[in-house]
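A.B. asks: Take a look at the following structure, please.
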Amino acid sequence: MTEPLDDLSVAEIPTTFHSFPKLPTEVRLRIWKHACFPRSQTDHGIHYVTVNIVHEDFEEEDTVTLDDNLEGYDEEFTVESDDDGYVTLTAPKLPFDDPAGLSRPNASACLWDAGLSTACHESRLAFAEYHNLKGWRELRKQPINTTETNLWYHQAYPSTLVPHKKDKNWCPMTVPLFDIFCIDMSSIKKLPKSLYSMKLLTPFLNTRTFTIRESWNIAIKYDTSWNNKRVPQEYRLKREKTPRGLLANWLDRFKDEIIPEPSVWIIDDSVEWVARREKTYTPVYRDCDGEYVQIDWEDTRLDGAKGNVTRFFERLSDVLDEDVDYVPFRTKKIVKLLVRKDNEIPWDPNEEF
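For the sequence shown, full-length UniProt numbering begins at 1 and goes up steadily by one.
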């Protein structure tokens, strides 16, 4: 991406401190780029977002699939579902106007670059160069080749979330192919009970051009309160107006493997875990507070036993998998677990589960 500041030779290290505006332009740009969100094939973002339901008017033919700005949709090759629906995602409010000293209410990765993209012309230039936005725009303008390998919507294209209503001039950037989107559960009654009703509309950068993502990474934050009550029978669990009740509804339709759907993640901020010697923990997912990695459900720990999140999902699996020709722990195989990297603890060779 960019040359690390650590790579400066001894001869290049200044002996006198200069205020930032007086530094050479090249040095300032390198500093700006060094501050950008670290993106690569193994570095991705976690965004904490609000879901917006897209309302269509079929009588007026005001529908998503008839929008002239839609690219990458082919009705002939699209598998439809009775539950089809579309959503957009709203970014958190920028924290710049919050009183000093207050803890950050949202650690969404899109906030990482917010200062760069709003500070000044030079910082925006560095931001655009670091993320190769010019290259992406040029790719989109190219004629489609015979193999269609240069179609922007088949790649890790940059997109933007809907900015908060008080931040209309901000373009919170994401990469929908790789990033994880953790859903705000405060308005759980308004969220669709089917993942097929959550096809994600993602713009190309901050333009009107957009595409539909049927498969994307949707996450819920785990809470220990899920363990407070016994997991009831499936039909009762699905009636709960709780995150675990909504999760049960989402997972029910995973029996149909023909129709693409989002990947479901659970994020546990507090559980400790042990690393397997033969496993490499990449990619790394980041928000503004820390780094996260995916682990196996069996690798969580609490006082020498499995962590609470694993215990919950074992009970959930027993309930949801009962009528699916009983595939043991099918639910745990479908749902992925994300934990904080710094919660790793040493492996105890005397453990016996």
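Just so you know, even glycine gets a beta-carbon here, dropped at the ideal spot from N, CA and C.
1. Could you pull the start and end residues of the alpha helix (DSSP H) that Pro243 belongs to?
2. In the DSSP assignment, what are the bridge partners of Tyr292?
3. Rounding to the nearest angstrom, what Cα-Cα distance links Phe312 and Phe178 in this structure?
4. Considering only the beta carbon of each residue, do Pro203 and Gly85 sit closer than 8 Å?
5. Taking the alpha carbon of His154 as the reference point, which residue from Arg28, Pro232, Gln41 and Arg213 has its own alpha carbon closest?
6. Less than 8 Å between the C-beta atoms of Asp348 and Ser197, yes or no?
7. I need the DSSP call for Trp136, collapsed to helix, strand or coil.
8. How many Å lie between Val293 and Arg340 at the Cα?
9. Based on Cα-Cα distance, which residue from Trp273, Tyr285 and Lys279 lies nearest to Arg39?
10. What are the boundary residues of the alpha helix (DSSP H) that Asn308 is part of?
11. Could you compute how far the alpha carbon of Thr331 sits from the alpha carbon of Leu201?
12. Quick check on Ser159: does DSSP put it in helix, strand or coil?
13. Figure out for me which residue from Arg253, Lys336 and Lys241 has the closest Cα to the Cα of Ile188.
14. If you draw a straight line from the alpha carbon of Leu338 to that of Lys22, how long is it in whole angstroms?
15. Just to confirm, is the Cβ distance from Ile180 to Ala128 under 8 Å?
16. Tell me Thr272's beta-bridge partners as DSSP assigns them.
17. Please tell me whether Met173 and Asp113 are closer than 8 Å, where the distance is taken between their beta carbons.
18. Might you give, ordered along the chain, the residues of its own chain that have their beta carbon closer than 8 Å to the beta carbon of Cys288, omitting 5 neighbours on each side?
19. Alpha carbon to alpha carbon, how far is Lys279 from Arg253?
20. According to DSSP, what are the bridge partners of Cys36?
21. Using a Cβ-Cβ cutoff of less than 7 Å, which residues in the same chain neighbour Asn69 once the five nearest sequence positions on both sides are dropped?
22. Who pairs with Asn52 in a beta bridge, going by DSSP?
23. If we ignore side chains and look at the alpha-carbon of each, how far apart do Thr25 and His121 end up?
24. Among all the DSSP beta bridges, which residues are the ones paired with Thr207?
25. Classify Glu261 as buried or exposed, calling it buried when 16 or more other Cβ atoms lie within 10 Å of its own Cβ.
26. Buried or exposed: which applies to Lys33, given that a residue is buried once 16 or more other Cβ atoms fall within 10 Å of its Cβ?
27. Flag this pair as yes or no: are the beta carbons of Thr63 and Glu56 separated by less than 8 Å?
28. Determine which residues share a DSSP beta bridge with Trp265 and list them.
C.D. replies: Answer, in terms of the structure:
1. Looking up residue 243 in the sequence shown gives position 243. Unbroken alpha helix (DSSP H) run through Pro243: Pro243 to Asp252.
2. Looking up residue 292 in the sequence shown gives position 292. Note: Tyr292 sits in a beta bridge opposite Tyr285 and Arg340.
3. As a first step, residue 312 must be located in the sequence shown, where it is residue number 312. As a first step, residue 178 must be located in the sequence shown, where it is residue number 178. Each residue's alpha carbon lies about 27 Å from the other.
4. On the sequence shown, residue 203 is found 203 positions in, with the first residue counted as 1. On the sequence shown, residue 85 is found 85 positions in, with the first residue counted as 1. No.
5. Reading the sequence shown from its first residue, position 154 is the one you call residue 154. Ranking the options by Cα distance to His154, first place goes to Arg213.
6. What you label residue 348 is simply residue 348 of the sequence shown in a count that begins at 1. What you label residue 197 is simply residue 197 of the sequence shown in a count that begins at 1. In this structure, Ser197 does not lie closer than 8 Å to Asp348 by Cβ.
7. Reading the sequence shown from its first residue, position 136 is the one you call residue 136. Reduced to three states, the DSSP call for Trp136 is helix.
8. Within the sequence shown, numbered from 1, the residue matching residue 293 stands at position 293. Within the sequence shown, numbered from 1, the residue matching residue 340 stands at position 340. Cα to Cα, Val293 sits roughly 6 Å from Arg340.
9. Taking the first residue of the sequence shown as 1, we reach residue 39 at position 39. Per the Cα distances, Tyr285.
10. For this step, residue 308 is matched to residue 308 along the sequence shown. Its alpha helix (DSSP H) spans residues Asn308 to Leu320.
11. Within the sequence shown, residue 331 is the residue found at index 331, counting from 1. Within the sequence shown, residue 201 is the residue found at index 201, counting from 1. If I take the Cα positions, the gap works out to 27 Å.
12. As a first step, residue 159 is located in the sequence shown; it is residue number 159 there, counting from the start. Reduced to three states, the DSSP call for Ser159 is strand.
13. Translated into the one-based positions of the sequence shown, residue 188 becomes position 188. Ranking Arg253, Lys336 and Lys241 by Cα distance to Ile188 puts Lys241 first.
14. Mapped onto the sequence shown, residue 338 falls at position 338. Mapped onto the sequence shown, residue 22 falls at position 22. Approximately 44 Å between the Cα atoms of the pair.
15. Position 180 of the sequence shown holds residue 180. Position 128 of the sequence shown holds residue 128. No, they are not a contact pair.
16. Counted from its first residue, the sequence shown places residue 272 at position 272. In the sequence as displayed, the identity of residue 272 is Glu instead of Thr. According to DSSP, Glu272 bridges with Arg301.
17. The residue given as residue 173 occupies position 173 in the sequence shown. The residue given as residue 113 occupies position 113 in the sequence shown. For Met173 and Asp113, yes; Cβs fall inside 8 Å.
18. Within the sequence shown, residue 288 is the residue found at index 288, counting from 1. Only Arg104, Ala107, Ser108, Ala109, Leu111 and Trp112 meet the Cβ criterion.
19. For the purposes of this step, residue 279 is taken as residue 279 along the sequence shown, with counting starting at 1. For the purposes of this step, residue 253 is taken as residue 253 along the sequence shown, with counting starting at 1. So the two alpha carbons sit approximately 31 Å from each other.
20. The sequence position of residue 36 within the sequence shown is 36, counting from 1. Partner(s): none; Cys36 has no beta bridge.
21. Taking the sequence shown and counting its residues from 1, the one referred to as residue 69 is at position 69. Answer for Asn69: Arg208, Thr209 and Phe210, listed in chain order.
22. Mapped onto the sequence shown, residue 52 falls at position 52. Asn52 pairs with Thr88.
23. Walking along the sequence shown from the start, residue 25 turns up at place 25. Walking along the sequence shown from the start, residue 121 turns up at place 121. Roughly 12 Å separates the two Cα atoms.
24. Start at 1 with the first residue of the sequence shown, and residue 207 comes out as number 207. None, per the DSSP bridge assignment.
25. Residue 261 sits at position 261 when you count from the first residue of the sequence shown. It is buried - the Cβ of Glu261 has at least 16 other Cβ atoms within 10 Å.
26. The sequence position of residue 33 within the sequence shown is 33, counting from 1. Label assigned to Lys33: buried.
27. Start at 1 with the first residue of the sequence shown, and residue 63 comes out as number 63. Start at 1 with the first residue of the sequence shown, and residue 56 comes out as number 56. Taking 8 Å as the Cβ cut-off, Thr63 and Glu56 qualify as a contacting pair.
28. Translated into the one-based positions of the sequence shown, residue 265 becomes position 265. Looking at the DSSP assignment, Trp265 forms a beta bridge with Ala219 and Lys336.
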